[in-house]
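Counting in the numbering used here, the sequence shown tops out at residue 840, every number present. All C-beta atoms in this analysis are idealised placements derived from N, C-alpha and C, irrespective of residue type, glycine included. Owing to the predicted nature of the structure, the values given are computational and were not obtained by experimental measurement.
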Amino acid sequence: MNKKEKRRQELLNILNQSLTPLTGEELAKTYGVTRQVIVNDMATLRSAGYPIRSTVKGYEISKAATQGILRSIICRHKAEDLRTELHTIIALGGLIHNISVNHDVYGNLTAPLSIKTEADIEDFLKRQKDSASGLLSKLNDGLHTHLIEAPTMDAMEQIIKTLQDLHILVTPDK
Numbered sequence: 667m668n669k670k671e672k673r674r675q676e677l678l679n680i681l682n683q684s685l686t687p688l689t690g691e692e693l694a695k696t697y698g699v700t701r702q703v704i705v706n707d708m709a710t711l712r713s714a715g716y717p718i719r720s721t722v723k724g725y726e727i728s729k730a731a732t733q734g735i736l737r738s739i740i741c742r743h744k745a746e747d748l749r750t751e752l753h754t755i756i757a758l759g760g761l762i763h764n765i766s767v768n769h770d771v772y773g774n775l776t777a778p779l780s781i782k783t784e785a786d787i788e789d790f791l792k793r794q795k796d797s798a799s800g801l802l803s804k805l806n807d808g809l810h811t812h813l814i815e816a817p818t819m820d821a822m823e824q825i826i827k828t829l830q831d832l833h834i835l836v837t838p839d840k
C-alpha cells in the first residue's frame, strides 16, 4: 500500500469513527498535506463508491439508511423569519438535510445544511450573517425547498402543521 492509499484508508477510518464532520483543513493538518490534497482524496474515495458527504461543516460518512421519515417541503418567508423556520423544524424533532432553489439559468441549486440542533442553527445564522452572499432563497423571493427528516410520521405532521400555521409552508392551491 503506497502513501496515498494508506492516507485514504486512514481518512475512511477517521470519518467512520467521527461523530461530527471534519474539515478539509483539519484533515490536511493531521496528515501534513494541503487542503487540496484532501479534496482530491475525498473525490477519489467517492468515485470508489464510499458515501462521503461534503457539508458546510466538513466531510462526513453518509448514513445509508435514514433514521426516520423524509419529506421535501416548499417554504417561503422573509429573511427575518429564517430563525423561526429552522427552530420550528428542530424543536419538533426534525432534521434539515438541505435547501434547494430553482434558478432560471442554472436549474435546481441544492446546498447541504445538516441542521439538527439549536447549536447548528446558531452556527448557520452566524455564518450567514458574516457572509456577503446572503441567503440562497433570496434568488426566488424567499421561495425554497428543504429536505427534512422526522423521527416519526406524527412528528412530521406536527412540523408541517406548525409551518402552515406560521405561513412559512407553501401549499398547492386546491
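Residue i - DSSP class collapsed to helix/strand/coil
i: E772; result: The residue you asked about is not Glu; residue 772 is Tyr in the sequence shown. In this structure, Y772 counts as coil in the three-state DSSP scheme.
i: Y716; result: coil
i: T750; result: helix
i: K690; result: The question names Lys, yet the displayed sequence has Gly at residue 690. Residue state, collapsed to three classes: helix.
i: N764; result: strand
i: T700; result: coil
i: T811; result: strand
i: A785; result: helix
i: T818; result: coil
i: Q834; result: Looking at the sequence itself, residue 834 is Ile, so the reference to Gln does not match. Note: I834 maps to coil in three-state DSSP.
i: V780; result: The residue asked about is misnamed: residue 780 is Ser in this sequence, not Val. Reduced to three states, the DSSP call for S780 is strand.
i: E671; result: helix
i: L736; result: strand
Under 8 Å between C-beta atoms of residue i and residue j
i: A745; j: L801; result: yes
i: L805; j: H769; result: yes
i: I739; j: M819; result: no
i: T811; j: S780; result: no
i: E823; j: L761; result: no
i: H753; j: L813; result: no
i: T750; j: L832; result: yes
i: P817; j: G773; result: no
Span of the beta strand (DSSP E), counted from its first residue to its last, around residue i
i: H743; result: No beta strand (DSSP E) holds H743; DSSP gives it neither H nor E.
i: G724; result: 724-727
Neighbourhood of residue i by C-beta distance below 7 Å, restricted to the same chain and skipping five residues each side
i: K837; result: The question names Lys, yet the displayed sequence has Thr at residue 837. Only Q830 meet the Cβ criterion.
i: L681; result: L688, I718, Y725, E726, I727
i: E691; result: R701
i: A785; result: none
i: D707; result: R673, R674, L677
Contacts around residue i, its chain only, beta-carbon distance under 8 Å, and the 5 residues preceding and following it disregarded
i: Q675; result: M667
i: L835; result: I739, I740, C741, I826, L829
i: T783; result: I756
Cut-off 6 Å between Cβ atoms - residues of its own chain near residue i, not counting five sequence neighbours on either side
i: I704; result: G690, L693, A694
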